[in-house]
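The structure appears below as structure tokens.
Numbering (our numbering), first residue to last: 309 to 452.
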């Protein structure tokens with residue numbers, strides 16, 4: 309159901325994870341995701357812990373799904389001295405090419421416990437169906 313078009317994007321994601329690089333508006337970090345079929349829907353789940361719903365942007369143009377999110381720093385008082393800061397801040401982004409067999413007009417999105425879940429119905433034209441055979445059922449005799 310998904311099509312990958314850029315083999316180097318996965319390499320970039322792995323390097324970013326290993327280096328601990330955070331995203332910026334000019335070069336967003338990739339967010340981890342799972343994708344699977346569940347009955348008559350295709351489900352894509354993105355990990356976005358600590359991201360407010362208002363900071364998530366989901367777009368679909370033709371068959372290109374784009375999810376962007378921003379994890380902003382928590383406001384701290386002037387008297388707070390940060391000892392350790394490992395949680396990445398900045399922009400996270402992921403683009404996924406969806407197959408023509410998905411109904412992109414009816415995507416549902418839900419965010420719970422730091423996981424953004426998109427449910428995309430399988431298009432009616434892609435579901436298996438029986439084809440009936442038309443025409444006469446009797447035999448014809450050929451005369452000569």
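Beta carbons are placed, not taken as given, at the ideal position from N, Cα and C, and that holds for glycine.
{"Item": "DSSP puts residue 376 in a beta bridge; with which residues?", "Value": "365, 401"}
{"Item": "Would you call the CB atoms of residue 396 and residue 440 closer than 8 Å?", "Value": "no"}
{"Item": "Between the Cα of residue 363 and those of 353, 427, 398, 394, spot the shortest distance and give me the residue it belongs to.", "Value": "398"}
{"Item": "Return the residue from the list 350, 347, 361 that minimises the CA-CA distance to residue 423.", "Value": "361"}
{"Item": "Please state the DSSP three-state secondary structure of residue 349.", "Value": "strand"}
{"Item": "Could you pull out every residue in the same chain whose Cβ sits closer than 6 Å to the Cβ of residue 425, ignoring the five residues on either side in sequence?", "Value": "353, 418"}
{"Item": "Please classify residue 382: is it buried, with 16 or more other beta-carbons within 10 angstroms of its beta-carbon, or exposed?", "Value": "exposed"}
{"Item": "Once you ignore the five residues that flank residue 342 on each side, which residues in its own chain have a CB closer than 7 Å to its CB?", "Value": "353"}
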